[in-house]
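Worksheet for the structure shown next.
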Amino acid sequence: GSGGSGAGAMEWDGPPSRQQLYRHAICCAVPMVGFGFMDNLVMIQMGDLIDSTLGLTFGLSTLTAAAYGQVVSDVSGTLFGNTIDAFASRIGLPSPQLTHEQLRMRATRAAGMGGAVVGVTLGCLLGMLSLLMMDLDKRERLQRQRELRTLFSTLMEEGHSLIGADYCSLQLVDSDGKHVFSMGMRGKPPSQEELDRAFQAYDLKASGSVDVEELAEALQQLGWQTNPAQVEQMLARYDAEGTGQLHLAEFRNLMSSIIYDDEVKLRVREGGTRHRVLTTGQMLNIKDVSSNPLCANDAYKLRGYDVRSVLIGPVLDQDGRVIGLVELVNKKAAAGHGTGAVADGAQAETAGETAHLSGEAHGFTRDDERLLEMLCAHCSIFLRSLS
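Under the numbering used here, the residues of the sequence shown are numbered 27 to 413, in order.
Shown next as structure tokens:
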């Protein structure tokens, strides 16, 4: 008998040769490489996107997000399958020159199936290379950050008022031990006078405005881990006139955003206050920032508010390692707070236990330290339950 193939009708010539089977396997494998690559790439990317957005919002599991990603991938394969086949037919693959009878033979079908299996496997493996460029810990970090906001809102919002501080912040230690993630600052908003003084500190050129270079240098002094592109985006967000510079009113809006930012990666300055608490694991009480060598006064000026006194407590894990810091800034000198009478005697008793520096009339007291110790213990328990 006779039949047709991709190259036209041919006379019956017995079983296909080894070369014909090899070419047939190649022709079946190449389109499947493209299909497998697209299928896995779309599934991984869409699954990750759904996992980090809808998954967090509605509490979907990672497997559920992956299933939704597979749905999108299958739809894409249906829509673009013919395109992949057409592309494969145009790249000049050698034709096996098989007749209809030869195409129906078991050896031919086995060669085609084997080629397709190898092709789709190779394509899926190539699609998995996108995992090398993905943030695989993103979902876990976002989930942890979301749960940490609960801790932050319940403890930090009340912490500054309970202890009587202007500001309170929670900072989590990064895995490298050289950076901390600040979960934002809570407390009273900075005054206009404080922001004006901060503006003068940022305006290094005394031009009456702050440009990208000045903003980047100031943020670097604060320990922010940013690149020039991020600084430009930050400035452009508040640059109403599009001049690439921030004037005083725009600068005030920027500083309010910086102070209350949800998550900022900060460098731990060696020899500074955070470094002291991280290395010693002990609370640090500084009653007068201006006369303390541990404090980078220039950096404090850049924060956008005046800093007079600081109390920093360590958050410890089960093994006694410091995994976080709670920082209180500026003890309020309000009457009737109830701790001033105890402070003088208590500080004398614990001079060797905690770093106290006199000089400011109103600083954090021993009672404040006890309250902060309890606050840090609650943070530790909560973080332990997350892990």
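Cβ atoms here follow ideal geometry from the backbone N, Cα and C, with glycine treated the same way.
Residue span of the beta strand (DSSP E) that contains residue i, given as start and end
i	result
Gln45	From DSSP, Gln45 is part of no beta strand (DSSP E) but of the alpha helix (DSSP H) over Arg44 to Ser78.
Glu296	Note, Glu296: premise wrong, no beta strand (DSSP E); not H, not E.
Val336	Val336 to Leu342
Val352	Val348 to Lys357
Of the residues the options, the one placed nearest residue i, counting alpha carbons only
i	options	result
Arg44	Val101, Leu75, Thr109 and Thr134	Thr134
Leu354	Leu196, Pro122 and Ala55	Leu196
Arg347	Asn311, Thr305 and Ile52	Thr305
Gly73	Gly62, Ala92 and Leu80	Ala92
Arg172	Asn253, Val238 and Thr83	Thr83
Phe207	Leu188, Leu310, His186 and Arg167	Arg167
Gly138	Leu162, Arg49 and Ile70	Arg49
Ile76	Pro42, Ser156, Arg165 and Cys321	Arg165
Ser406	Glu258, Ala142, Ile110 and Leu351	Leu351
Thr104	Val68, Cys54, Pro120 and Cys321	Val68
Ala403	Val341, Gly118, Thr109 and Gln226	Val341
Ala114	Thr79, Ile52 and Val143	Ile52
Gly62	Thr147, His126, Gln226 and Phe277	Thr147
Phe225	Gly190, Met281 and Pro42	Met281
Glu220	Asp200, Ala191, Phe277 and Gly234	Phe277
Asp111	Gly40, Val56 and Asp163	Val56
Cys54	Val144, Leu155 and Leu198	Val144
Val98	Ile117, Ala191 and Asp65	Asp65
Asp332	Gly339, Lys357, Asp343 and Glu258	Lys357
Helix, strand or coil at residue i according to DSSP, with G and I counted as helix
i	result
His363	Bear in mind that a pLDDT of 43 at His363, under 50, signals an unreliable position, so the model cannot answer this.
Asn279	helix
His301	helix
Ser195	strand
Asp237	strand
Ala374	Per-residue confidence for Ala374 stands at a pLDDT of 36, beneath the threshold of 50, marking its modelled position as unreliable; no derived number is given.
Phe84	helix
Leu245	helix
Phe408	helix
Gly453	Past the boundaries of the shown model lies residue 453; the chain is included only from 27 to 413, so the question cannot be answered.
Glu399	helix
Leu89	helix
Ala381	Because Ala381 sits at a pLDDT of 41, beneath the cut-off of 50, its placement in the model cannot be relied upon, and the following sentence gives the value as read from the coordinates. Three-state result, Ala381: strand.
Thr391	coil
Gly40	coil
Glu386	Low confidence applies to Glu386: its pLDDT is 41, below 50, so where it sits in the model is not reliable, and the reading given next is rough at best. Three-state DSSP puts Glu386 in coil, outside helix and strand.
Asp100	helix
Opposing strand residues paired with residue i [DSSP bridges]
i	result
Asn311	Leu337
His205	Arg293
Gln271	Asp237
N-terminal and C-terminal residue of the alpha helix (DSSP H) that residue i is part of
i	result
Pro254	Pro254 to Tyr264
Ala232	Ala232 -> no alpha helix (DSSP H), and no H or E assigned at all.
Phe225	Gln218 to Tyr228
Enumerate, from N- to C-terminal direction, the unbroken alpha helix (DSSP H) stretches of 4 or more residues contained entirely within the stretch 106–193. Restricting attention to alpha helix (DSSP H) runs no shorter than 4 residues, the stretch 106–193 encloses them at 126–129, 132–153, 164–177 and 183–189, ordered along the chain.
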